[in-house]
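Asks: Residue numbers (our numbering), protein chains in the order written: chain W, 1318 to 1526; chain C, 1318 to 1526. Beta carbons: idealized from backbone N, C-alpha and C, even for Gly. It should be emphasised that the depicted structure is a prediction, and the values quoted were computed from it without experimental measurement.
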DNA sequence: ATCCTCATGTAAGCTGTTACATGATTCC
DNA sequence: GGAATCATGTAACAGCTTACATGAGGAT
């Protein structure tokens, strides 16, 4: 066995109930691992890109590798290196019982406020500086992009169909589908607001640039 | 692909004189400054807490001070220290012409994808590990919190009423009002989904402590 | 032959947060 | 007199991203 050695040192000082404090990303990665099957960091990244990112976020691959090492050090995951029986050498990770317990405890926790950073809204907010038409174009591009994302969510949903173990991920993706739909309506309504603004104060439009 | 995140070796320079590249936070702070009036860092923080945060995010006060210094160094803002005519010594910032021009150029730019990190969804996604009832409680708490936020958005909107210079911030806040409303409906729908899930596979509920 | 995907990492560096330090003013 | 708010910063450091390094296997 060629796994990284986890010294027993950290086990000794931490109380049974409280592991080390981990950032949300670590829990997200551990969450990926909590579904059946062993996975490589590379696998996890693809999984995250295809589904996690719609309601949370997909960490950089290097970050995933880092979190996996941290999780293993914490005793929440184990890994083993594939031997010569496989074409490629890869390290597969699996969640441990301690990891599952810690994750379950964390999942029952209040996660705090939603983080929403909407670059488009920042620009609309600054609309007094922009050419109104350009602003509307930005909104329309956002709508187009959101439509594409919605299609991707639906693809993820289709992929998760009928698998028992994925009932909750399915709920999350359904939420995400509706969320993208709402985002489209929100953008359309804002477009209307912007048009209305242009109709009223149509003079003060900066046309520089 | 658009010119979003090209950056590789494409180090082709655009011939226009471009100021230093700034992070979105700097633009947000400069944006705060782009509305009429001189303001202190402290003022800006309150402004951001009361309105920017609903659709973007409110930086830490220490970060605001840092960005202001950076903006001044870039020539996008000027500051002057208040003299003895005022009770407190404070540093007031104002946007410069160069700053306004740079900000306007930036505002016409494609801002890239929305960042959405929804801690609640992360937990729902991991629902197979949680007690179903606990999960529903978390969603209900989220709903209560969102209602409070919605009230805060409405307060900000009321505060921005009838001021000509704030027409665009008002559009952004209106978007935010609708967004919070949508968030409530999304959460209610998810609650229904979770109840439905519980009705079907009601057995597999983990009840460990 | 070459390019793409698989696969795993290291290093540098920036963004941004928390905690801390400092002091004045206002309110009760 | 004490607390809250106003007001501005510094320092330490966590968290992440990008760029880079490396190499094998599969496809054209």
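What does the alpha-carbon distance come out to for the pair residue 1510 (chain C) and residue 1450 (chain W)?
Replies: For the purposes of this step, residue 1510 (chain C) is identified with residue 193 of the second chain, where counting begins at 1. For the purposes of this step, residue 1450 (chain W) is identified with residue 133 of the first chain, where counting begins at 1. Distance between residue 1510 (chain C) and residue 1450 (chain W), taken at the CA atoms: about 41 Å.
Asks: State the CB to CB distance for the pair residue 1494 (chain C) and residue 1516 (chain C), rounded to an integer number of angstroms; the pair is presumed to be in contact (CB under 8 Å).
Replies: Taking the first residue of the second chain as position 1, residue 1494 (chain C) is located at position 177. Taking the first residue of the second chain as position 1, residue 1516 (chain C) is located at position 199. Not really, about 34 Å apart at Cβ, beyond 8 Å.
Asks: Could you tell me whether the segment 1378-1385 of chain W touches the segment 1472-1483 of chain C, where touching means 3 or more Cβ pairs closer than 8 Å?
Replies: Contact between the segment 1378-1385 of chain W and the segment 1472-1483 of chain C is absent, with fewer than three C-beta pairs closer than 8 Å.
Asks: List, in order along the chain, the chain C residues whose C-beta lies closer than 8 Å to that of residue 1485 (chain W)?
Replies: Translated into the one-based positions of the first chain, residue 1485 (chain W) becomes position 168. The answer, in chain order, is 1441, 1442, 1443, 1444, 1445 and 1514.
Asks: Are the Cβ atoms of residue 1420 (chain C) and residue 1455 (chain W) separated by less than 7 Å?
Replies: The count along the second chain starts at 1 and reaches residue 1420 (chain C) at position 103. The count along the first chain starts at 1 and reaches residue 1455 (chain W) at position 138. No, the Cβ-Cβ distance between residue 1420 (chain C) and residue 1455 (chain W) is not below 7 Å.
Asks: Determine the extent of the beta strand (DSSP E) in which residue 1409 (chain W) is found, giving its start and end residues.
Replies: On the first chain, residue 1409 (chain W) is found 92 positions in, with the first residue counted as 1. Unbroken beta strand (DSSP E) run through residue 1409 (chain W): 1408-1412.
Asks: Hey, is the segment 1428-1440 of chain C in contact with the segment 1426-1435 of chain W, meaning 3+ C-beta pairs nearer than 8 Å?
Replies: A contact exists between the segment 1428-1440 of chain C and the segment 1426-1435 of chain W.
Asks: Taking the C-alpha atoms as reference points, what is the distance between residue 1483 (chain C) and residue 1337 (chain C)?
Replies: The residue labelled residue 1483 (chain C) in the question sits at position 166 within the second chain. The residue labelled residue 1337 (chain C) in the question sits at position 20 within the second chain. C-alpha separation (whole angstroms): 28 Å.
Asks: Please state whether DSSP places residue 1396 (chain C) in a helix, a strand or coil.
Replies: Within the second chain, the letter at position 79 stands for residue 1396 (chain C). Strand at residue 1396 (chain C).
Asks: I need the DSSP call for residue 1518 (chain W), collapsed to helix, strand or coil.
Replies: By one-based count along the first chain, residue 1518 (chain W) stands at place 201. Coil at residue 1518 (chain W), not helix or strand.
Asks: Using a beta-carbon distance below 7 Å, is residue 1510 (chain W) in contact with chain C?
Replies: Position 193 of the first chain, counting from 1, holds the residue named residue 1510 (chain W). Chain C contact via Cβ: present.
Asks: From this set, W:1411, W:1505, W:1362 and W:1489, which residue's C-alpha is nearest residue 1342 (chain W)'s C-alpha?
Replies: Locating residue 1342 (chain W) in the first chain gives position 25, where the first residue counts as 1. Comparing Cα positions, the closest option is W:1362.
Asks: Residue 1416 (chain C): buried (16+ other C-beta within 10 angstroms of its C-beta) or exposed?
Replies: Taking the first residue of the second chain as 1, we reach residue 1416 (chain C) at position 99. When all chains shown are included, residue 1416 (chain C) counts as buried.
Asks: In chain W, which residues lie less than 7 Å from residue 1424 (chain C) when you measure between Cβ atoms?
Replies: As a position in the second chain, residue 1424 (chain C) is number 107, starting the count at 1. Within chain W, 1440, 1443, 1446 and 1447 have C-beta atoms less than 7 Å from the C-beta of residue 1424 (chain C), given in sequence order.
Asks: So residue 1347 (chain W) and residue 1412 (chain W) are supposed to be a Cβ contact under 8 Å. How far apart are they, rounded?
Replies: The residue given as residue 1347 (chain W) occupies position 30 in the first chain. The residue given as residue 1412 (chain W) occupies position 95 in the first chain. Their Cβ separation, rounded to whole angstroms, is 6 Å, which keeps residue 1347 (chain W) and residue 1412 (chain W) in contact under 8 Å.
Asks: Closer than 8 Å by C-beta to residue 1387 (chain W): which residues in its own chain qualify, once you throw out the five before and the five after it? Chain order, please.
Replies: Locating residue 1387 (chain W) in the first chain gives position 70, counting from the first residue. Cβ within range, chain order: 1339 and 1343.
Asks: How about residue 1349 (chain C) and residue 1364 (chain C): are their beta carbons less than 7 Å apart?
Replies: As a working mapping, residue 1349 (chain C) is identified with position 32 in the second chain. As a working mapping, residue 1364 (chain C) is identified with position 47 in the second chain. Against a cut-off of 7 Å, the Cβ pair of residue 1364 (chain C) and residue 1349 (chain C) comes out as a contact.
Asks: Could you check whether the Cβ of residue 1421 (chain C) sits closer than 7 Å to any Cβ belonging to chain W?
Replies: Along the second chain, one-based indexing puts residue 1421 (chain C) at 104. Yes, contact with chain W.
Asks: Can you tell me whether residue 1346 (chain C) is helix, strand or coil according to DSSP?
Replies: As a first step, residue 1346 (chain C) is located in the second chain; it is residue number 29 there, counting from the start. DSSP places residue 1346 (chain C) in helix when its eight states are reduced to three.
Asks: At the level of alpha carbons, what is the spacing between residue 1485 (chain C) and residue 1394 (chain W)?
Replies: Residue mapping note: residue 1485 (chain C) aligns to position 168 of the second chain, counting from 1. Residue mapping note: residue 1394 (chain W) aligns to position 77 of the first chain, counting from 1. About 49 Å.
Asks: If you reduce the DSSP assignment to three classes, tell me which class residue 1339 (chain W) lands in.
Replies: Residue numbering aside, residue 1339 (chain W) sits at position 22 when the first chain is read from its first letter. Coil at residue 1339 (chain W), not helix or strand.
Asks: When the cut-off is 7 Å and only beta carbons count, does residue 1340 (chain W) lie next to chain C?
Replies: As a first step, residue 1340 (chain W) is located in the first chain; it is residue number 23 there, counting from the start. False, the Cβ-Cβ gap to chain C never drops below 7 Å.
Asks: Between W:1513, W:1352, W:1503 and W:1375, which lies nearest to residue 1414 (chain W) when the distance is taken from Cα to Cα?
Replies: As a first step, residue 1414 (chain W) is located in the first chain; it is residue number 97 there, counting from the start. Per the Cα distances, W:1352.
Asks: Between the beta-carbon of residue 1441 (chain W) and the beta-carbon of residue 1480 (chain C), is there less than 7 Å?
Replies: Counting from one through the first chain, the residue named residue 1441 (chain W) turns up at place 124. Counting from one through the second chain, the residue named residue 1480 (chain C) turns up at place 163. Judged by beta-carbon spacing, residue 1480 (chain C) lies beyond the 7 Å limit of residue 1441 (chain W), meaning their Cβ atoms are not closer than that value.
Asks: Is residue 1432 (chain C) helix, strand or coil by DSSP?
Replies: As a first step, residue 1432 (chain C) must be located in the second chain, where it is residue number 115. Strand at residue 1432 (chain C).
Asks: Apart from the five residues on each side of it in sequence, which residues of its chain come closer than 7 Å, Cβ to Cβ, to residue 1326 (chain W)?
Replies: Start at 1 with the first residue of the first chain, and residue 1326 (chain W) comes out as number 9. Low confidence applies to residue 1326 (chain W): its pLDDT is 33, below 50, so where it sits in the model is not reliable enough to give any reading.
Asks: Taking the alpha helix (DSSP H) that residue 1454 (chain C) belongs to, which residues open and close that run?
Replies: Within the second chain, the letter at position 137 stands for residue 1454 (chain C). Start and end: 1449-1476.
Asks: Enumerated in chain order, which unbroken segments of the alpha helix (DSSP H) with a length of 4 residues or greater are wholly contained in the segment 1356-1392 of chain C?
Replies: 1358-1367 and 1378-1390
Asks: Straight-line CA distance for residue 1461 (chain C) to residue 1366 (chain C)?
Replies: Translated into positions along the second chain, residue 1461 (chain C) becomes position 144. Translated into positions along the second chain, residue 1366 (chain C) becomes position 49. Going by the C-alpha atoms only, they are around 20 Å apart.
Asks: Go ahead and pull the three-state DSSP assignment for residue 1480 (chain W).
Replies: To locate residue 1480 (chain W), count along the first chain from 1; it is residue 163. Coil at residue 1480 (chain W), not helix or strand.
Asks: Interface residues of chain W around residue 1404 (chain C) at Cβ under 7 Å?
Replies: For the purposes of this step, residue 1404 (chain C) is identified with residue 87 of the second chain, where counting begins at 1. Against chain W, a Cβ distance below 7 Å from residue 1404 (chain C) picks out nothing, because the smallest value is about 32 Å.
Asks: Any beta carbon of chain C sitting closer than 7 Å to that of residue 1337 (chain W)?
Replies: Here the question's residue 1337 (chain W) lines up with position 20 in the first chain. Not an interface residue.
Asks: Please report how far the alpha carbon of residue 1424 (chain C) lies from the alpha carbon of residue 1418 (chain W), in whole angstroms.
Replies: Reading the second chain from its first residue, position 107 is the one you call residue 1424 (chain C). Reading the first chain from its first residue, position 101 is the one you call residue 1418 (chain W). One C-alpha to the other measures close to 47 Å.
Asks: Going along the chain, which residues of its own chain have a beta-carbon closer than 8 Å to the beta-carbon of residue 1492 (chain C), five neighbours each way excluded?
Replies: By 1-based counting over the second chain, the position of residue 1492 (chain C) is 175. Cβ neighbours of residue 1492 (chain C) beyond the five flanking positions: 1372.
Asks: Which class does residue 1416 (chain C) belong to by DSSP, given the choice of helix, strand or coil?
Replies: Position 99 of the second chain, counted from the first residue, corresponds to residue 1416 (chain C). Residue 1416 (chain C) falls in the helix class under three-state DSSP.
Asks: Quick check: the Cα distance between residue 1464 (chain W) and residue 1502 (chain W), rounded to an integer number of angstroms?
Replies: The residue you call residue 1464 (chain W) lines up with position 147 of the first chain. The residue you call residue 1502 (chain W) lines up with position 185 of the first chain. Going from the Cα of residue 1464 (chain W) to the Cα of residue 1502 (chain W) covers about 11 Å.
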